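Visitor:
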Amino acid sequence: RPRVLSGIQPTAGSFHLGNYLGALRQWVTLQDTHDAFYCVVDLHAITVEQDPKTLRQNTRVSAAQLLALGIDPDHATLFVQSHVPEHAQLSWVLQCLTGFGEAGRMTQFKDKSARQEAQVGVGLFTYPILQAADILLYQAHHVPVGEDQRQHLELTRDLAQRFNSRYGRTFRLPEAYIPKDTAKIYDLQDPTSKMSKSVPSGVVELLEDPKRAAKKIRSAVTDTGREITYDPAAKAGVSNLLVIYSALTGRTVDDLVAAYEGKGYGDLKKDLGEVFTEFVTPVQDRVRQYLADPAELDKVLARGAERARDVAGRTLARVYDRVGFLPAR
Ligand code: ATP
Ligand code: MG
């Protein structure tokens, strides 16, 4: 079975609709057809300042959400990045292969560092290289992510290719697996920028009170027109709501547009609030159940880490050998 790997940061307690529709939904379906490795990337999280207690709790909350959304730890390998030291180890080797200018071209670094008020750490700069290590350690065929990760995936492929041509074929070149319709979910208050954990404005969180989420949806920024049509250029806000609605219900955007003919934005928003509530209520119940037994949750993650280390360790051993490190024996 082909391999798939993906990760998600535990930076905020809750995932948001963009994470779910852009990535996590695909994680769930791919675990049936692929040998799947999914990790909570806590090493990535500390590229911006984290409170230690909160980070630890958010890591458990993240794992609980993945389970609640349908990741089955008997089918997929679910683990925490810091439990597998090979990620940091391979990352160092890859950093030594990365050009300074090459890393500096990453648009996400430019955006995030520009936004950040605190001093920008080197970790934020080298973040995509750690991400490349995450992927290459598992020889993944596919990497289910949102559109914002496309450039990082390209860097991963470049680094894999560079290593292979310098040291001999070692890494598989992974391909991004980006959904067509929901690759980029937009912020409800600013429908021209992506919904993001690190910019909390119009973000719909999976773990917030559904009543509050419905209210956010009702006050989503739209345009001054009246007609409900799909037109991302002229009607970014309404189009974003249609995409979300369609993804959560399985109804096509065309079908929704036809159904809302003659109705107003308010109707669409109110109904979408209900659709979201219906989707998220059982998810929240399951998250609460998983969090009620943290020891069991930790056990699931320990099992995942063991399986992950088995694969990651083999790749790293080959890499260390190829670059010429003296074996430790
Ligand atoms: P941050 O702002 O801290 O980077 P994030 O919201 O981007 O957080 P990540 O943990 O970096 O969350 O991303 C997890 C996954 O969710 C990635 O695959 C990413 O591509 C996807 N994703 C994030 N935001 C969106 C979005 N608005 N639309 C679609 N996919 C998204
Ligand atoms: Mg991100």
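Per the numbering used here, the sequence shown starts with residue 123, numbered consecutively.
C-beta atoms are modelled at their ideal positions from N, C-alpha and C, and glycine is treated no differently.
Just so you know, these numbers come straight off a predicted model, no measurement behind them.
#1: Tell me, to the nearest whole angstrom, how far the beta carbon of residue 399 is from that of residue 301; I am working on the premise that it is less than 8 Å.
#2: Helix, strand or coil for residue 298 per DSSP?
#3: Taking a contact to mean a Cβ-Cβ separation below 9 Å, would you say residue 319 touches residue 138 in this structure?
#4: I'd like to confirm the pairing. Which residues does DSSP put opposite residue 130 in its beta bridges?
#5: Would you list the one or two residues that DSSP bridges to residue 125?
#6: Does the beta-carbon distance from residue 197 to residue 158 come in below 9 Å?
#7: State the Cα-Cα distance for the pair residue 229 and residue 272, rounded to the nearest angstrom.
#8: Figure out for me which residue from 372, 210, 125, 236 has the closest Cα to the Cα of residue 253.
#9: Around the ligand ATP, what residues have a beta-carbon under 5 Å from a heavy atom of it, in chain order?
#10: Excluding the 5 residues preceding and the 5 following residue 353 in the sequence, name in chain order all residues of the same chain whose CB lies nearer than 7 Å to its CB.
#11: Beta carbon of residue 230: closer than 8 Å to some heavy atom of the ligand MG?
#12: Taking the CB atoms as reference points, tell me whether residue 409 and residue 187 lie closer together than 9 Å.
#13: Cβ atoms of residue 164 and residue 202: under 9 Å apart, would you say?
#14: Would you mind working out which of 234, 270, 280 sits nearest residue 224, comparing C-alpha positions?
#15: If you measure from the CB of residue 266, is any heavy atom of the ligand GTP nearer than 8 Å?
#16: Among the candidates 314, 391, 226, 329, whose CA atom is the shortest distance from the CA of residue 336?
#17: How many Å lie between residue 419 and residue 412 at the Cα?
#18: Kindly list the residues whose CB is nearer than 8 Å to the CB of residue 284, restricted to its own chain and excluding five residues on each side of it in sequence; keep chain order.
#19: In terms of residues, what are the limits of the alpha helix (DSSP H) holding residue 405?
#20: Between which two residues does the beta strand (DSSP E) carrying residue 247 extend?
#21: Taking contact to mean 3 or more Cβ pairs, one atom from each stretch, closer than 8 Å, check whether the region 252 to 269 and the region 286 to 300 are in contact.
#22: What is the rounded straight-line gap between the Cα of residue 135 and the Cα of residue 179?
#23: Who are the Cβ neighbours of residue 435 in its own chain at under 8 Å, not counting the five residues just before and after it?
#24: Sort out for me which residues DSSP pairs residue 200 with in a bridge.
#25: Buried or exposed: which applies to residue 244, given that a residue is buried once 16 or more other Cβ atoms fall within 10 Å of its Cβ?
#26: Run through the DSSP bridge pairs and tell me what residue 327 is partnered with.
#27: When burial is assigned at 16 or more other CB atoms within 10 Å of the CB, is residue 344 buried or exposed?
#28: Reducing DSSP to helix, strand and coil, say where residue 361 ends up.
#29: Using 10 angstroms around the beta-carbon of residue 214, count the other beta-carbons present and answer buried if the total reaches 16, otherwise exposed.
Guide: The relevant details are as follows:
#1: With a Cβ gap of about 23 Å, residue 399 and residue 301 do not count as contacting.
#2: Residue 298 falls in the strand class under three-state DSSP.
#3: A contact, by the Cβ cut-off of 9 Å.
#4: Partner(s): 162.
#5: Partner(s): 157.
#6: Cβ atoms of residue 197 and residue 158: closer than 9 Å.
#7: For residue 229 and residue 272, the distance between alpha carbons rounds to 11 Å.
#8: Of 372, 210, 125, 236, the residue nearest in Cα terms is 210.
#9: Selection around the ligand ATP by beta-carbon proximity, strictly under 5 Å to any non-hydrogen atom, yields 130, 131, 133, 140, 141, 144, 145, 267, 268, 270, 271, 306, 307, 316, 317, 318, 319, 320 in chain order.
#10: Here the set comprises 361.
#11: Residue 230: yes, Cβ under 8 Å from the ligand MG.
#12: Yes. Within cutoff.
#13: Between residue 202 and residue 164, the CB-CB gap stays under 9 Å.
#14: By alpha-carbon distance to residue 224, the top candidate from 234, 270, 280 is 280.
#15: No copy of the ligand GTP appears in this structure; the ligands present are the ligand ATP and the ligand MG.
#16: Residue nearest to residue 336 within the set 314, 391, 226, 329 is 391 (criterion: CA-CA distance).
#17: Taking the Cα positions, residue 419 is about 7 Å away from residue 412.
#18: Here the set comprises 219.
#19: From DSSP, the alpha helix (DSSP H) with residue 405 extends over 387 to 413.
#20: Unbroken run through residue 247 is the alpha helix (DSSP H), 244 to 258; no beta strand (DSSP E).
#21: Yes, they touch.
#22: Residue 135 and residue 179 have their C-alpha atoms spaced approximately 8 Å apart.
#23: When the five nearest sequence neighbours on each side are left out, the beta carbons in the same chain lying within less than 8 Å of the beta carbon of residue 435 are those of 208, in order along the chain.
#24: According to DSSP, which records beta bridges pairwise, residue 200 is partnered with 160.
#25: Taking a 10 Å sphere around the C-beta of residue 244, we find fewer than 16 other C-beta atoms and assign the residue as exposed.
#26: BP columns for residue 327 point to 138.
#27: Under this definition residue 344 is a buried residue.
#28: Residue 361: helix per DSSP, three-state reduction.
#29: Note on residue 214: under 16 other CB atoms within 10 angstroms of its CB, so exposed under the neighbour-count rule.
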